[in-house]
Amino acid sequence: MKKYLLGIIAVIAAITFSSFTKEEKKPADDIYYFYMVDENGVIPAGASVQFGGQVTLGYANANDGCTGSTNHCLRGFITQPSLPTAQSGDVQTLKN
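Residue numbers 1 to 96, in our numbering, belong to the letters of the sequence shown in order.
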(Lines of atoms letter the chains of each structure in order from A and count residues from 1; the text may use other names and numbers.)
(Lines give C-alpha, C1' and ligand atoms only; values in the text may rest on other atoms or scores of the structure.)
Protein backbone atom coordinates (compact mmCIF):
# COMPACT_ATOMS: atom_id res chain seq x y z
CA MET A 1 0.00 0.00 0.00
CA LYS A 2 2.89 2.36 0.73
CA LYS A 3 3.96 2.02 -2.93
CA TYR A 4 0.73 3.49 -4.19
CA LEU A 5 0.28 6.20 -1.57
CA LEU A 6 2.44 8.79 -3.39
CA GLY A 7 0.62 8.13 -6.68
CA ILE A 8 -2.78 8.48 -5.06
CA ILE A 9 -1.75 11.75 -3.41
CA ALA A 10 -0.48 13.07 -6.77
CA VAL A 11 -3.79 12.23 -8.48
CA ILE A 12 -5.81 13.90 -5.71
CA ALA A 13 -3.58 16.99 -5.89
CA ALA A 14 -3.95 17.18 -9.68
CA ILE A 15 -7.73 16.98 -9.47
CA THR A 16 -7.81 19.59 -6.72
CA PHE A 17 -5.59 22.07 -8.58
CA SER A 18 -7.41 21.62 -11.88
CA SER A 19 -10.74 22.41 -10.29
CA PHE A 20 -9.50 25.88 -9.29
CA THR A 21 -7.91 26.95 -12.59
CA LYS A 22 -9.82 29.43 -14.75
CA GLU A 23 -10.76 28.46 -18.27
CA GLU A 24 -9.35 30.89 -20.80
CA LYS A 25 -11.92 32.20 -23.21
CA LYS A 26 -10.60 32.75 -26.70
CA PRO A 27 -12.40 34.94 -29.20
CA ALA A 28 -14.29 33.05 -31.88
CA ASP A 29 -12.35 34.77 -34.63
CA ASP A 30 -9.29 37.04 -34.50
CA ILE A 31 -9.31 40.43 -36.18
CA TYR A 32 -6.92 41.61 -38.88
CA TYR A 33 -5.99 44.61 -41.02
CA PHE A 34 -6.83 43.62 -44.60
CA TYR A 35 -5.16 45.03 -47.72
CA MET A 36 -6.00 44.48 -51.39
CA VAL A 37 -3.37 42.50 -53.31
CA ASP A 38 -2.51 43.57 -56.89
CA GLU A 39 -2.08 41.21 -59.87
CA ASN A 40 1.62 40.80 -59.01
CA GLY A 41 0.87 39.60 -55.47
CA VAL A 42 2.05 42.86 -53.91
CA ILE A 43 0.30 45.29 -51.61
CA PRO A 44 1.39 48.63 -53.11
CA ALA A 45 2.75 51.62 -51.21
CA GLY A 46 -0.01 53.95 -50.09
CA ALA A 47 -2.66 51.20 -50.00
CA SER A 48 -5.35 51.83 -47.42
CA VAL A 49 -6.81 49.34 -45.00
CA GLN A 50 -9.93 47.69 -46.41
CA PHE A 51 -13.21 47.98 -44.49
CA GLY A 52 -11.96 51.04 -42.57
CA GLY A 53 -10.12 49.11 -39.85
CA GLN A 54 -9.74 45.70 -38.30
CA VAL A 55 -12.30 43.02 -39.15
CA THR A 56 -12.60 39.26 -38.75
CA LEU A 57 -11.54 36.79 -41.45
CA GLY A 58 -15.16 35.68 -41.80
CA TYR A 59 -16.29 39.24 -42.49
CA ALA A 60 -13.49 39.78 -45.02
CA ASN A 61 -14.34 36.55 -46.86
CA ALA A 62 -18.00 37.50 -47.08
CA ASN A 63 -17.35 41.09 -48.19
CA ASP A 64 -14.15 41.02 -50.26
CA GLY A 65 -16.03 41.45 -53.56
CA CYS A 66 -13.41 39.47 -55.44
CA THR A 67 -14.08 37.12 -58.33
CA GLY A 68 -11.84 35.19 -60.68
CA SER A 69 -9.05 32.71 -59.97
CA THR A 70 -7.86 31.24 -56.69
CA ASN A 71 -5.16 33.91 -56.24
CA HIS A 72 -5.05 36.00 -53.08
CA CYS A 73 -7.54 38.84 -53.05
CA LEU A 74 -6.93 40.33 -49.60
CA ARG A 75 -4.18 39.68 -47.10
CA GLY A 76 -4.78 40.16 -43.41
CA PHE A 77 -2.19 41.21 -40.87
CA ILE A 78 -2.37 41.26 -37.08
CA THR A 79 -0.31 44.47 -37.09
CA GLN A 80 -0.11 46.95 -39.93
CA PRO A 81 2.86 46.16 -42.22
CA SER A 82 5.29 48.51 -43.94
CA LEU A 83 4.16 49.00 -47.52
CA PRO A 84 4.84 48.02 -50.27
CA THR A 85 5.03 44.36 -49.32
CA ALA A 86 4.72 40.93 -50.90
CA GLN A 87 4.42 39.25 -47.48
CA SER A 88 1.74 36.58 -47.30
CA GLY A 89 0.32 38.05 -44.09
CA ASP A 90 -1.33 36.11 -41.29
CA VAL A 91 -4.48 35.19 -43.25
CA GLN A 92 -5.72 35.57 -46.83
CA THR A 93 -8.98 35.66 -48.74
CA LEU A 94 -9.04 34.08 -52.19
CA LYS A 95 -10.76 35.18 -55.36
CA ASN A 96 -13.63 32.78 -55.90
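By construction, the Cβ of each residue, glycine as well, lies at the ideal position given by its N, Cα and C atoms. Bear in mind the structure is a predicted one, so any value in this text is a computation, not a measurement.
Beta-carbon contacts of residue i that lie in its chain and below 8 Å, excluding the five residues immediately before and after
{"i": "P44", "result": "D38, L83, P84"}
Nearest-angstrom Cα separation, counted from residue j out to residue i
{"i": "N71", "j": "I8", "result": "57 Å"}
{"i": "T16", "j": "T79", "result": "40 Å"}
{"i": "C66", "j": "F77", "result": "18 Å"}
{"i": "Y142", "j": "Q54", "result": "Outside the displayed span of the chain (1 to 96) sits residue 142, for which this structure offers no information."}
{"i": "Q50", "j": "G68", "result": "19 Å"}
{"i": "A28", "j": "T56", "result": "For A28, the pLDDT reaches just 49, beneath the cut-off of 50, and the residue's location in the model is therefore unreliable, leaving the point undetermined."}
Assumed close pair residue i, residue j - CB separation to whole angstroms, cut-off 8 Å
{"i": "A60", "j": "F34", "result": "5 Å"}
6 Å Cβ shell around residue i - same chain, five flanking residues per side excluded
{"i": "A62", "result": "none"}
Close-in-space but distant-in-sequence residues of the same chain around residue i (CB under 7 Å, 5 per side omitted)
{"i": "A86", "result": "G41, V42"}
Sheet register partners of residue i (DSSP bridge)
{"i": "L74", "result": "M36, T93"}
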